[in-house]
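Remarks on the structure that follows.
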Amino acid sequence: MAESTTQQRGLTGWHKPDLDLSNAQWQSSSRGLGDVQIAFVEGFIAMRNSGRPESPSLIFTPAEWGAFVSGAREGEFDLT
């Protein structure tokens with residue numbers, strides 16, 4: 001069965017395809033830590049919870065992914 005994405009019909013500004021992630025090559029961090037996996041599919045980056053791979057995946061454009069990674073590196077998502 002194909003995995004679902006977070007795409008919902010009717011969202012204004014949502015210009016992402018409904019990707020087929022059933023054959024995606026999911027990757028974990030090089031340290032094997034955390035619960036996040038990513039896959040590069042058709043020019044987009046998909047991210048999922050490895051503990052619940054059946055849950056919806058987040059889909060990022062390359063620009064969105066770059067902003068997310070930059071923010072993470074700068075501590076934007078750190079708990080204070």
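Numbered according to UniProt numbering, the sequence shown spans residues 1 to 80.
Using N, Cα and C, we set each Cβ at its ideal position, and we do this for glycine too.
Item	Value
I need the boundaries of the beta strand (DSSP E) containing Phe-68, first residue and last residue.	Not the beta strand (DSSP E): Phe-68 falls in the alpha helix (DSSP H), residues 62 to 73.
Give a yes or no on contact between the segment 51 to 62 and the segment 16 to 28, applying the rule of three or more CB pairs nearer than 8 Å.	yes
Compute the Euclidean distance between the alpha carbons of Gln-8 and Ser-28, then round it to the nearest angstrom.	Caution is warranted here: a pLDDT of 42 is assigned to Gln-8, below 50, making its placement in the model unreliable, and no coordinate value can be reported.
Spatial neighbours of Asn-49 within its chain, please: C-beta separation below 6 Å, excluding the five flanking residues on both sides.	Asp-35, Ser-55
Note down, in chain order, each residue of its chain lying with its Cβ closer than 6 Å to the Cβ of Pro-53, except the 5 sequence neighbours on either side.	none
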